[in-house]
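Novice:
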């Protein structure tokens, strides 16, 4: 079973890639998707260091 942090990170990653995939030429959506992916990486790191259970 995944830890809560990994569940959140998985969802964020899927949403981020989804936004980038739909975005196409729309720059704002691609930036948003990238930001969500960056957030997913931060969540993974925090989970690794035990900040998020």
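Numbering (my numbering), first residue to last: 1 to 53. Every residue gets a Cβ at the ideal spot worked out from N, C-alpha and C, and that includes glycine. The structure displayed is predicted, hence computed values, not measured ones.
Mark residue 50 as exposed unless 16 or more other C-beta atoms lie within 10 angstroms of its C-beta, in which case mark it buried.
Specialist: Burial call: exposed.
Novice: How far does the alpha helix (DSSP H) with residue 15 in it reach, from first residue to last?
Specialist: 4-23
Novice: Could you check where the alpha helix (DSSP H) with residue 42 kicks off and where it finishes?
Specialist: Segment 27-48, the alpha helix (DSSP H) holding residue 42.
Novice: Return the chain-ordered list of same chain residues with a C-beta closer than 7 Å to the C-beta of residue 40, the five sequence neighbours on each side being excluded.
Specialist: 9, 12, 13 and 16
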